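Sequential numbering of the sequence shown, starting at 583, is according to the numbering used here.
Beta carbons are placed, not taken as given, at the ideal position from N, Cα and C, and that holds for glycine.
For clarity, every value in this text was computed on a predicted model and none was experimentally measured.
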Amino acid sequence: MRYFWTFFWTFLLMQMMAYVVASMTGVAYNFVTASILAVAVTVVILILGEIVPDKSAEGHH
583 MRYFWTFFWT FLLMQMMAYV VASMTGVAYN FVTASILAVA VTVVILILGE IVPDKSAEGH
643 H
């Protein structure tokens, strides 16, 4: 379920970011490009979540 929610929020935020950046630069908004970027960012976030150690779990006995 965490994969779904990670993708869901990343997808929404990347679409919003792409729309705002396109508006600010004066180019056309492209849904497909923003969607591909959202998938790539989701994969990076999930990989970083597995690589980075959980410091709070190490201190508890």
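Taking residue i as the reference, give the member of the options with the closest Cα.
i, options, result
"residue 583", "608, 616 and 628", "628"
"residue 594", "610, 618 and 608", "618"
Taking the Cβ atom as the reference point for each residue, do residue i and residue j lie within a distance shorter than 8 Å?
i, j, result
"residue 620", "residue 598", "no"
"residue 615", "residue 588", "no"
"residue 585", "residue 601", "no"
Which runs of the alpha helix (DSSP H) at least 4 residues long sit entirely within the region 592–637? Give them in chain order. Runs found: 613–633.
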